[in-house]
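Structure, as structure tokens:
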Amino acid sequence: MNRPAETRRAPPGLEFLTTKKDEFVGWARKFSLFPYPFVTACCAMEFMSVSSTLYDTDRFGAALPRFSPRQSDLLMVVGTITHKQAPVLRRVYEQMCEPKWVIAFGACATSGGFYQNYAALAGIDKIIPVDLYIPGCPPRPETVIDGIMKLQDRIAADRHPIVTETF
Ligand code: SF4
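Sequential numbering from 2 applies to the sequence shown in the numbering used here.
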């Protein structure tokens, strides 16, 4: 049975521990991203470039692609998505475990790009939630790195409560 609201208080010290634990989990998640590259078109060249030694996304703990959605927490949609591919992308997203994040890499993934036709999806956010949009056709590697760092800031700031019930 729930106690009245005025008596619901966290035990002394638990709030401090929860805050520290949140910071630690956020920091660990921030530097242990496992991207799943869903690569369909010419943006792939920039994706390869940003993964190469010159730009080295390993510096950000985000360079180890996993080719199973069950082992990934960052879905990078790189290139044009057609209506035929949309259910496959949706399934890949659903197979990923929580917490998970999505990057729309380039103009096509973000909005359909210059494809104004019946075949191309006008942005992946029509079928899955997107956490970060990276503009450009294709985006420059520096833009991608800037986007990854912004997403990392958000991941680090996320809260991860160990106690979900109020006292
Ligand atoms: S945004 Fe430009 S480079 Fe990227 S997949 Fe679309 S057309 Fe190709």
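No residue lacks a Cβ here, since even glycine has one placed at the ideal position from N, Cα and C. Model, not experiment: these values are computed from the prediction.
Asked	Found
What do you reckon, is the C-beta of glycine 27 under 6 Å from a heavy atom of the ligand SF4?	no
Please tell me whether, using a cut-off of 6 Å, the distance from the CB of proline 139 to the nearest non-hydrogen atom of the ligand GTP is below it.	As far as ligands go, the structure on display features the ligand SF4 and does not contain the ligand GTP.
What is the DSSP secondary structure of tyrosine 116, counted as helix, strand or coil?	coil
Determine the direct distance from the alpha carbon of isoleucine 125 to that of methionine 97, and round the result to whole angstroms.	16 Å
Three or more C-beta pairs closer than 8 Å, one from the region 73-87 and one from the region 23-36: is that the case here?	yes
Report the option in Pro66, Gly113, Ala63, Gly62 whose CA atom is closest to the CA atom of alanine 87.	Gly113
Could I get the ranges of all uninterrupted alpha helix (DSSP H) runs contained in the region 66-130, with 4 residues as the minimum, in chain order?	87-96, 108-112
Among the residues of its own chain, which have a CB less than 7 Å from the CB of methionine 2, if the five just before and after it don't count?	Residue placement at methionine 2 is flagged as unreliable, the pLDDT there being 45, under the threshold of 50; a coordinate-derived value is accordingly withheld.
Under three-state DSSP, which class holds leucine 133?	strand
Pull up the distance between the alpha-carbon of glycine 27 and that of aspartate 159, whole angstroms please.	6 Å
Which two residues bound the contiguous beta strand (DSSP E) that contains proline 38?	36-40
With C-beta atoms as the reference, is glycine 107 less than 7 Å away from proline 140?	yes
Which same chain residues, not among the five before or five after alanine 157, have their C-beta less than 7 Å away from its C-beta?	Gly27, Trp28, Lys31
Tell me the DSSP secondary structure of arginine 30 in three-state form.	helix
As a quick exercise: from Ile128, Ala110, Leu122, pick the residue whose alpha carbon is nearest that of proline 136.	Ala110
Out of Lys151, Arg155, Ile146, which has the shortest C-alpha to C-alpha gap to aspartate 57?	Ile146
Is it buried or exposed, threonine 81, if we count other Cβ atoms within 10 angstroms and call 16 or more buried?	buried
Which value, in whole angstroms, describes the spacing of the CA atoms of valine 51 and glutamine 72?	21 Å
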